[in-house]
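Going letter by letter, the sequence shown gives residues 1 to 67 in our numbering.
The beta-carbon is built from N, C-alpha and C at its ideal position, and this holds for glycine as well.
Nothing here was measured: the structure is a model prediction, and the numbers come from that model.
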Amino acid sequence: MLWKTSKNPGVYCTCCTDENGALQSYDDRLKRMAQLLRHEDPRLGDNDSIARAKVYMSTMPAWKDHV
């Protein structure tokens, strides 16, 4: 979901951008996405949460070419 603000013109969602509206690094976003998945399902290990985060991120415009 895109949230347009003065710092984020709406190219990417605010979850994937920093406080200045610049796209976060792939590695930082992957790490945070994996943490979120582990938080939602504590049974997930590190490898599983990273693998799932990669699959999910591959559907997003900002990250589809990184995976």
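- In the DSSP annotation of this structure, the continuous segment of the alpha helix (DSSP H) that includes Q35 starts and ends at Y26 to E40.
- Residues of the same chain with their beta carbon placed closer than 7 Å to that of S25 are lacking, with the five preceding and five following residues left out of the count.
- Residues of the same chain with a CB within less than 6 Å of the CB of H66, apart from the 5 flanking positions on each side, are Y26 in chain order.
- Beta-bridge partners assigned by DSSP to L23: T17.
- Straight-line measurement puts the Cα of K64 at about 16 Å from the Cα of A34.
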